[in-house]
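Residue numbers (the numbering used here): 1014 to 1342. Only one structure is covered here, and it is reproduced in the block below.
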Amino acid sequence: MNDRQPRPIQRVVALSGGVGGAKMALGLQHVLPPGELTVIVNTGDDFEHLGLAISPDLDTALYTLAGLANPETGWGRRAETWTFMQAMQDLGGETWFRLGDGDLALHVERTRRLKMAASLTEITADLAQRLGIPAQLLPMTDAPVRTRVTTDIGELDFQDYFVRRQCQPRVAALRFAGADAAAPTPQVCAALTDPALEAIILCPSNPYLSIDPILALPGVRELLRASGAPVIAISPLVGGAAVKGPTAKIMTELGISVSPRAVAQHYGELLDGFVLDARDAASENQLTALGLPTLVTDTLMKTLDDRIRLARAVLDYARTLGNHQEKQP
Ligand code: FO1
């Protein structure tokens, strides 16, 4: 590399949840040196099911970053077998939440270790290491936080809403039970206060379901604002629709316009930059009118190369934003 080109960005933190976030994290993992990427993952989707402690967003991140994820669904394992689920069905057990045989081992082992008083952070770090994942994978907190969805048929647990009822009920409100009493882990705080940190990426996850639980933890917003690293959000919408999942439906039901501008306004003062999909280039001026620097690029991530390309584009963009002054409180 000639000396005219500035040194590539090294130390990055990504906030992620769900399938879209994990894809972005994989692209970043491929672009950054081992150990330079930290992924802070939503645990608001976690629940106990069949007596097992299940952390779907952590598992989607683990499988995706280890190259084990089911390429069709984005969650669970590739080349999975379903003997356990079939046996459960024959016994009249609950099969609405699909647990493949290999995936089941992870839930059984996590449950066993939690019962032995290991923390979710410790368990996740050990599993990531065993799976050969070069990134640091951090649950947002080790305390219980549960997303509750207020709908036209009452308040639902997250996976009941998301999986069992396939996001059909109309959403009136979301809350993250336990968030006020929870705290970002020391590892999360250390990652966000690292003086070497050069970019913080809000992945193209569902802002309301996957990123908000992380931001709801006391102190996290302050840590993001106090960081010298630019905070950049990737639009989860392409062409006025979500790439995957209920983002657009939830925005409509919450009375929020389904637009990248609305997403940018939702994150508000946290942002130093926004990444807009090229198909929505016409709305770039709505973002710059907010005073928000915006990168317009192809954000669809169908292939690994797409993820790597987007990661490179976002990090190159982060470098142009440079260090930002501490935001107005
Ligand atoms: N999502 C579904 O739509 N159906 C399922 O049966 C399902 C099972 C499942 C098992 C393990 C796991 O880690 C994730 C699973 N998911 C399933 C996805 C999960 O509900 C969502 O990915 C997150 O909770 C929201 O991002």
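Quick reminder that beta carbons are idealized off the backbone N, C-alpha and C, glycines included.
Looking at the structure shown, is Thr1163 part of a helix, part of a strand, or coil, going by DSSP? Three-state DSSP puts Thr1163 in a strand.
Please classify Trp1109 as buried or exposed, where buried requires at least 16 neighbouring CB atoms within 10 angstroms. Answer is exposed; the Cβ neighbour count stays below 16.
Shorter than 6 angstroms, the distance from the beta carbon of Pro1069 to the closest heavy atom of ligand 1, or not? Pro1069 Cβ: within cutoff of ligand 1.
What's the gap between the Cα of Gly1080 and the Cα of Gln1179? Distance between the alpha carbons of Gly1080 and Gln1179 is about 26 angstroms.
Tell me whether Met1098 is buried or exposed, calling it buried when 16 or more other Cβ atoms sit within 10 Å of its Cβ. Under the 10 Å beta carbon count, Met1098 is surrounded by 16 or more other beta carbons and is classified as buried.
List, from N- to C-terminal side, the alpha helix (DSSP H) runs of 4 residues or more that fit wholly inside the stretch 1225-1281. Counting whole runs of 4 or more residues, the stretch 1225-1281 contains the alpha helix (DSSP H) stretches 1225-1229, 1233-1239, 1260-1266 and 1273-1280.
Could I get the ranges of all uninterrupted alpha helix (DSSP H) runs contained in the stretch 1299-1339, with 4 residues as the minimum, in chain order? As summarised for the stretch 1299-1339, the continuous alpha helix (DSSP H) elements at least 4 residues long and confined to that stretch are 1317-1334, given in chain order.
Once DSSP output is grouped into helix, strand and coil, what is the label at Pro1199? In this structure, Pro1199 counts as helix in the three-state DSSP scheme.
Just to confirm before moving on: does the CB-CB distance between Asp1285 and Ser1248 stay below 7 angstroms? No.
I need the straight-line Cα distance from Lys1340 to Arg1024, nearest angstrom please. Only weak support exists for where Lys1340 lies, its pLDDT of 47 falling under 50; the value from the coordinates is given anyway. Approximately 21 angstroms between the Cα atoms of the pair.
If you follow the alpha helix (DSSP H) that Asp1103 is part of, which residue opens it and which one closes it? Here the alpha helix (DSSP H) through Asp1103 covers Thr1096 to Asp1103.
Assuming Ala1141 is part of the alpha helix (DSSP H), what are its boundary residues? According to the DSSP assignment, Ala1141 belongs to the alpha helix (DSSP H) that extends over Leu1133 to Arg1143.
Among residues of its own chain, excluding the 5 on either side of Glu1049, which ones have a beta-carbon nearer than 6 angstroms to its beta-carbon? Here the set comprises Gln1023 and Arg1024.
Please report the distance separating the alpha-carbon of Ala1346 from that of Trp1095. Past the boundaries of the shown model lies residue 1346; the chain is included only from 1014 to 1342, so the question cannot be answered.
How close, in whole Å, do the beta carbons of Ala1027 and Ile1214 come, if the pair is a contact with beta carbons under 8 angstroms? The pair is a contact, with the Cβ atoms about 4 angstroms apart (cut-off 8 angstroms).
Just to confirm the assignment: which complete beta strand (DSSP E) runs, minimum length 3, are found wholly within the stretch 1167-1222? 1167-1170, 1184-1190 and 1212-1215, all fully within the stretch 1167-1222.
Under the rule that 16 or more other beta-carbon atoms within 10 Å means buried, what is Gly1252, buried or exposed? Gly1252 is exposed by the Cβ-count criterion.
For Asp1058, which option in Tyr1174, Pro1231 and Gly1281 has the closest C-alpha, if you only look at C-alpha atoms? Selected option, being the one with the closest Cα: Tyr1174.
Is DSSP giving Thr1108 helix, strand or coil here? Here Thr1108 sits in coil by DSSP.
Check this for me: beta carbons of Pro1220 and His1279, under 7 angstroms apart or not? Taking 7 angstroms as the Cβ cut-off, Pro1220 and His1279 qualify as a contacting pair.
How would you label Arg1143, buried or exposed, when you count the other beta carbons within 10 angstroms and need 16 or more for buried? Exposed.
Note down the Cα distance separating Leu1236 from Val1201, rounded to an integer number of angstroms. Whole-angstrom Cα-Cα distance: 10 angstroms.
Would you check if the distance between the CB atom of Val1052 and the CB atom of Arg1325 is smaller than 7 angstroms? No, these two residues do not count as a Cβ contact at 7 angstroms.
How big is the Cα-Cα spacing for Glu1135 and Leu1151? Going by the C-alpha atoms only, they are around 9 angstroms apart.
For Trp1095, verify whether its CB is less than 6 angstroms away from any heavy atom of ligand 1. Not under cutoff, so the answer is no.
Give the DSSP bridge partners of Gln1149, in chain order. Paired residues: Thr1051.
In whole angstroms, what separates the C-alpha of Glu1211 from that of Ala1242? About 5 angstroms.
Assuming Asp1116 contacts Glu1093 under a Cβ cut-off of 8 angstroms, what Cβ separation, rounded to an integer in Å, is found between them? Confirmed, about 7 angstroms.
Enumerate in chain order the residues of its own chain whose CB-to-CB distance from Val1244 is below 6 angstroms, with the five nearest sequence positions on each side excluded. Excluding residues up to 5 positions away in sequence, Ile1213, Leu1237, Leu1283, Leu1284 and Asp1285 lie with their Cβ nearer than 6 angstroms to the Cβ of Val1244 in the same chain.
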